[in-house]
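Asks: Chains as they are written, first to last, in the numbering used here: chain Y, 233 to 417; chain Z, 140 to 454. Note that beta-carbon positions come from the ideal geometry of N, C-alpha and C, so glycine has one too. Just so we're clear, the structure is a prediction, and the values are computed from it rather than from any experiment. Have a look at this one before I ask anything.
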Amino acid sequence: MIYAIGIFAVLFLLSIGLYNSLVRRKNDVENAFSSVDVMLKKRYDLIPNLVETVKSYMKHEKSLLTELTALRAQAVSGEISDDERVALENKISKGISGIMVAVENYPDLKASQNFLQLQGAWNEAEEQISASRRAFNAAVTTFNNKVETFPSNIMAGMMGYKRRTLFEIPEVERQNVNAKNLFES
Amino acid sequence: MSSYTNFKEFYDAKLLPELKVLDKERKQVDRRVLLIGLIAVILIVIIGRFRGSATSYFQILIGVLAFVIMSVSSKKYRLNFKNKIVLKIAAFVDENLVYSPKGFVSREEFTNSAIFQKFCNNFTGEDHFKGKIGKTVIEFSEVVGKHKTTSGTGSKQKEHYTTIFKGVFFVADFNKNFIGHTLVLPDTAEKMLGKLGQNLQAFSSRGELIKLEDPEFEKEFCVYADDQVEARYILSPSLMQRIVEFKRKWNTKVYLSFRDSKVYIAIKMDKNLFETRLFKSIVDYNFIEENIRFLILLTGIVDDLNLNTRIWTKE
């Protein structure tokens, strides 16, 4: 009888430990996801400034600027699904890269203090976004390991936790901005 | 920044005449040191002939005294080497580099890096270099930090000093702004114990353990920080690669700390850099070249870690 109680107690404690660690890992993932969100929002804040600064210089890229403003409005409205959001983010990245490349045709703009500051802020935002994505991926990897390895997988099954997917780095960002691209356009 | 390529010309034109003069001084110092040594040995032998309990104390006293006189009499020569030769080498490597033979990185910087947890009771150093390489302000010097422990009580109390760190301590302005603290330490636990070691690292008081995605980097280092995202903002994939290459280049223990928008690097080293020698000619290209090689390696940290790239908001 004593042994049975003992074994039961050990199992009980073990499952509490597993339960708590799984919940903690899940919260880590959520926390990491929200930090990606924060960094993305920082980038949205840059867009009106960027558009305002380059508008008076750029003559041929008017449509690009209008599109970017529209995309931002859509992203900020918040009434979109996660998948749409990802697609939108990719478009925004692409749009901003497009502007940064087009700037090469406007030496006055490129040299202006305002623009240089914005460019720095944009680079920083991109670097922060990539850092927060990597942090998210690290949290998800730890979570997935817990969900799939023994014995925590039993507990995870009971709690209904499933594998989460990693953030994929979108194609546009994977191609690093290289000098050649900049001078071709 | 200059490199080795034209160092030979510089050596022939600027250093060689100075070295020849200094080498004459070296010969004088050698003679003096030999004479002192000889006198000390003779005295020790003579005292050894007397019988008595105090003789061995006298012998030790003479030995110590001779050593002190030897180092005092060669001090000027050693300082001359630094002021005449190392100073010129520093100016050759980068004209903005200011060299002070007796200076060293301040204890405040060393403590602020928080690389070493033990309290530093005794902090000394020499061969301090400071300057702006491109856009990056750097300083470095040799330092020795010691920690004091006491044992026993009352009159039997004894003090022991253990070395916390000996080597080169390097401080540079980092190219990104950040607010927290990120530590990159040599990975001893994981290397010895593998997965178990990695689990043990999580229980450190250093901060949150950061698991990074670069396996080469993870093998060499373990990272603690107070912010997961900021640590990754600082340690971008390219910087991780650069740090691994940097570590392999030096092939010794390397510690990095990122704090107050600065990067602190501690490179463990037993060798005493930028010193002259006795009893062997210093009119020797290889001997001088070794000094410049170290200096170029050290100032090259700016390029190794890409610190001059200022594409973020920090100017």
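Express the C-alpha separation of residue 305/Z and residue 241/Y in angstroms, rounding to a whole number.
Replies: 52 Å
Asks: Just confirm the distance between the C-beta atoms of residue 434/Z and residue 323/Z, as a whole number of angstroms; I'd bet it's less than 8 Å.
Replies: 24 Å between Cβ atoms; not a contact.
Asks: Please report the Cβ distance between residue 219/Z and residue 155/Z, rounded to the nearest whole angstrom; I am assuming they are in contact, meaning their Cβ atoms lie under 8 Å.
Replies: Contact flag wrong, Cβ pair sits at about 16 Å.
Asks: Is the CB of residue 287/Z under 8 Å away from at least one CB in chain Y?
Replies: At a cut-off of 8 Å between C-beta atoms, residue 287/Z does not count as an interface residue with respect to chain Y.
Asks: So is residue 410/Y buried or exposed if we call it buried at 16+ other beta carbons inside 10 Å?
Replies: For residue 410/Y, the predicted structure reports a pLDDT of 46, less than 50, and the residue's modelled location is therefore unreliable. The matter cannot be settled from this model.
Asks: With a cut-off of 8 Å, does the C-beta of residue 380/Z fall near any C-beta of chain Y?
Replies: no
Asks: Kindly indicate if chain Z contains any beta-carbon less than 8 Å away from that of residue 366/Y.
Replies: yes
Asks: How long is the line joining the alpha carbons of residue 375/Z and residue 381/Z, rounded to whole angstroms?
Replies: 10 Å
Asks: By Cβ distance below 6 Å, which residues in the same chain neighbour residue 351/Y in space, the five residues on each side in sequence not counted?
Replies: Here the set comprises nothing.
Asks: Closer than 9 Å, Cβ to Cβ, to anything on chain Y: give me those residues from the stretch 329-356 of chain Z, in chain order.
Replies: 349, 350, 351 and 352
Asks: To the nearest angstrom, report how far apart residue 157/Z and residue 417/Z are at their CA atoms.
Replies: 16 Å
Asks: Residue 336/Y CB to nearest chain Z CB: under 8 Å?
Replies: no
Asks: When burial is assigned at 16 or more other CB atoms within 10 Å of the CB, is residue 437/Z buried or exposed?
Replies: buried
Asks: Can you tell me whether residue 285/Y is buried or exposed, with buried defined as 16 or more other CB within 10 angstroms of its CB?
Replies: Residue 285/Y is classed as buried because its beta carbon has at least 16 other beta carbons within 10 Å across all chains shown.
Asks: Can you give me, in chain order, the residues of the stretch 373-407 of chain Y that have a beta carbon less than 9 Å from any beta carbon in chain Z?
Replies: Interface annotation for the stretch 373-407 of chain Y against chain Z: 373 and 374, criterion Cβ-Cβ distance under 9 Å.
Asks: Any idea if residue 417/Y is buried or exposed, counting beta-carbon neighbours within 10 angstroms, 16 or more meaning buried?
Replies: Since pLDDT at residue 417/Y reaches only 38, below the 50 mark, its modelled position is unreliable, and the value read off the structure follows with that caveat. With fewer than 16 other Cβ atoms within 10 Å, it is exposed.
Asks: Using C-beta distances below 8 Å, list every residue in its chain close to residue 259/Z, excluding the 5 sequence neighbours before and after it, in chain order.
Replies: 246, 249, 250, 284, 285, 286 and 303
Asks: Is there a C-beta anywhere in chain Y that falls below 8 Å from the one on residue 452/Z?
Replies: yes
Asks: Along chain Z, which residues have their Cβ under 9 Å away from the Cβ of residue 346/Y?
Replies: Result: empty, since nearest Cβ-Cβ is about 13 Å, beyond 9 Å.
Asks: Using a Cβ-Cβ cut-off of 8 Å (strictly less than) and excluding sequence neighbours within five positions of residue 451/Z, which residues of its own chain qualify?
Replies: 314, 315 and 316
Asks: Tell me where the alpha helix (DSSP H) around residue 161/Z begins and ends.
Replies: 155-188 is the extent of the alpha helix (DSSP H) around residue 161/Z.
Asks: Could you list which residues in chain Z have their beta carbon closer than 7 Å to that of residue 353/Y, in chain order?
Replies: 452
Asks: Should the stretch 358-374 of chain Y be called in touch with the stretch 262-280 of chain Y, which here means at least 3 C-beta pairs below 8 Å?
Replies: yes
Asks: Sort 216/Z, 406/Z and 397/Z by Cα distance to residue 387/Z and report the nearest one.
Replies: Checked all of 216/Z, 406/Z and 397/Z; the closest Cα to residue 387/Z is 406/Z.
Asks: What residue ranges within the stretch 395-451 of chain Z form continuous beta strand (DSSP E) runs of no fewer than 3 residues, ordered along the chain?
Replies: 401-407
Asks: Under 7 Å between beta-carbons, which chain Y residues line up against residue 239/Z? List them in chain order, please.
Replies: Going along chain Y, no residue has its Cβ under 7 Å from residue 239/Z, so there is no contact; the nearest lies around 35 Å.
Asks: Assign residue 356/Y to one of two classes, buried (16 or more other C-beta atoms within 10 Å of its C-beta) or exposed (fewer than that).
Replies: buried
Asks: For residue 267/Y and chain Z, any beta-carbon pair shorter than 8 Å?
Replies: yes
Asks: Could you list which residues in chain Z have their beta carbon closer than 7 Å to that of residue 262/Y, in chain order?
Replies: Chain Z residues near residue 262/Y: none, gap ~13 Å exceeds 7 Å.
Asks: Determine the burial state of residue 294/Y: buried for a count of at least 16 other Cβ atoms within 10 Å of its Cβ, exposed for fewer.
Replies: exposed
Asks: Kindly indicate which three-state DSSP category residue 314/Z falls into: helix, strand or coil?
Replies: coil
Asks: From residue 301/Y to residue 280/Y, what does the alpha carbon distance come to, in whole angstroms?
Replies: 7 Å
Asks: Check whether the Cβ atoms of residue 171/Z and residue 210/Z lie closer than 8 Å to each other.
Replies: no
Asks: Give me the Cβ distance between residue 319/Z and residue 364/Z, rounded to the nearest whole Å; I'm assuming they're in contact under 8 Å.
Replies: 6 Å
Asks: Can you pull the chain Y residues whose beta carbon is under 7 Å from the beta carbon of residue 372/Z, in chain order?
Replies: 359, 360 and 363
Asks: By the 10 Å Cβ neighbour count, where 16 or more other Cβ atoms means buried, how is residue 345/Y classified, buried or exposed?
Replies: With fewer than 16 neighbouring CB atoms inside 10 Å of its own CB, residue 345/Y falls in the exposed class.
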